[in-house]
Amino acid sequence: MPKPFRYLEPTFFAGLFDDPLLLVRVRPTGRAILFDCGKIHHLAKRVYTSIDAIFISHAHMDHFMGMDSVIRHSHASPRTIDVFGPPGLSGRMANKFACYDWNLADTFWGNFRVSEVNNDGSIASTLFSGPQAFAATPEGERTGVLYGNRHLTVTAVHCEHRIAVLAYRVDEGAAFVIDDARIADEGVRKGEWLKTMEKMFHNGAMEGSPIRYPWSRGDIVEERVEHDAAALYRRIRKLEKPASIGYVTDIGFSEGNMESIAGLLEGVSLLVCECAFLASERKKAQLSRHLCSTEFNMMLDRLRPSYVLPMHFSKTYQRGSEPLYRQIEPPSGVTVLKIPDRLTPRPIMESEVPKPEEL
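Numbering-wise, the numbering used here puts 307 at position 306 of the sequence shown, and it's gapless, one number per residue.
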């Protein structure tokens, strides 16, 4: 993966023909968020246990069937996992929990908070409590940021796949970075006080807080007090755009979808996007509400990401991926990232199973 990120480490846990599976690790905390949840059994348990939130595009099997594996590896862990998706997701999760017997539920078991993202931007949440055998409790609706912490923010937009599909954007949190030229122009001297300012920055305590700093001009050196540390930081910080990730899958090429995607993902650092069909099968792509390579290229021309990772290529092209990569024509400044055709382990035959030994 490219390295435009300070805090985030994206890993695409699938091959071109596999079910889409994007994990974004938060380096400072070691925690992670996951996008889509299809065939997922190849992930190590320590990956499952690091996941704090899961973002589902839609509930077709190749994007949602792996939730059973998540439940299996996480249900007895004393924490709450957030799950986001389109309307109807809470009912689907309730049905998954209802499939199993939970008579051994214990007080230390974890919870799942399932949040449905409505078309008007409101978010309706339901808590499934592990200690109560995953009984559902509605938590009401809210508006605002879909999901966020100090290191990242996740937003989403509705698209159409004959059903509601969510496309997602991850924005990296702002970093504390000083611009040497700007700090010199201000006459501000570096020193231990910058560590104090950085601590205030990470604690969200800069606004309206005083800070002492050394100032000099020529032979004059004095200590000054800025009564609003945030104001001083704005004068000396390095101006840079935080890195971002876009995740798009299973959308038809339509004016409405393209407008929604452009409004969310224009100029992202890394775009992870489906390209299901070759140009010769554009009609098939339109009927199934997927993207072909021609439409993929048109999207790239509009969004202009720094990097793009094509994925979710139709299994009808099992003989290989080279025809797809030959048809991708990125505009200037866009780098295409190539992934293996397959990453998930292949199924085994009975002839490959070791025979039991007599004792």
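The beta-carbon is built from N, C-alpha and C at its ideal position, and this holds for glycine as well.
Nonlocal neighbours in the same chain, by C-beta distance under 6 Å from residue i, ignoring five residues either side
i	result
E142	S123 and A125
G247	R170, L266, V269 and L272
L325	F314
L233	E227
A137	A95, T127 and F129
F14	L22 and L24
E1	Residue 1 falls outside the range modelled here, since the chain spans only 2 to 360, and no answer is possible.
Residue i versus residue j: straight-line alpha-carbon distance, rounded
i	j	result
M207	M198	8 Å
G334	P306	8 Å
F36	S289	22 Å
E227	F177	18 Å
S78	D107	10 Å
L279	H162	19 Å
I166	V189	What sits at residue 166 in the sequence shown is Val, not Ile. Answer to the nearest angstrom: the Cα atoms are 50 Å apart.
F202	A182	20 Å
F113	D121	24 Å
H43	L128	28 Å
E140	S322	45 Å
D180	L240	8 Å
Q287	N204	49 Å
F210	G39	Per the sequence shown, residue 210 should be read as Ser rather than Phe. Between S210 and G39, the C-alpha separation is close to 48 Å.
DSSP three-state assignment for residue i, whether helix, strand or coil
i	result
G145	coil
L304	helix
A125	strand
P324	helix
S217	strand
M299	helix
M312	strand
L272	strand
E193	coil
I252	coil
E359	coil
Own chain, CB closer than 7 Å to residue i, minus 5 neighbours either side, in chain order
i	result
H76	W110, G111 and G131
R80	G111
DSSP bridge partner residues for residue i (one or two, in chain order)
i	result
S130	N112 and A136
F278	C293
F56	F36 and F85
A168	V158
P11	V25
R347	Beta-bridge pairing links R347 to no other residue.
L288	None; L288 has no bridge partner.
S245	D172
I212	E227
T336	Y308
E117	G86 and A125
Selected residue, minimal CA-CA separation from residue i, among the options
i	options	result
C160	T30, D251 and S352	D251
S51	I57, G67, M62 and V27	V27
L304	V48, S261 and Q328	S261
D69	A137, G257 and I41	I41
K4	H61, F135, Y308 and V158	Y308
S116	P243, A157 and F254	A157
V337	Q319, L310, P357 and E351	L310
Y1	H59, F56 and V71	For the chain, the structure presents residues 2 to 360; residue 1 sits outside this window and is missing.
G16	E223, R347 and N104	R347
Cβ shell of residue i (< 8 Å), same chain only, five flanking positions each side left out
i	result
P11	M2, L23, L24, V25, R26, I246, L271 and V273
Y8	V27, R28, P29, H152, L153, E173, G174 and A176
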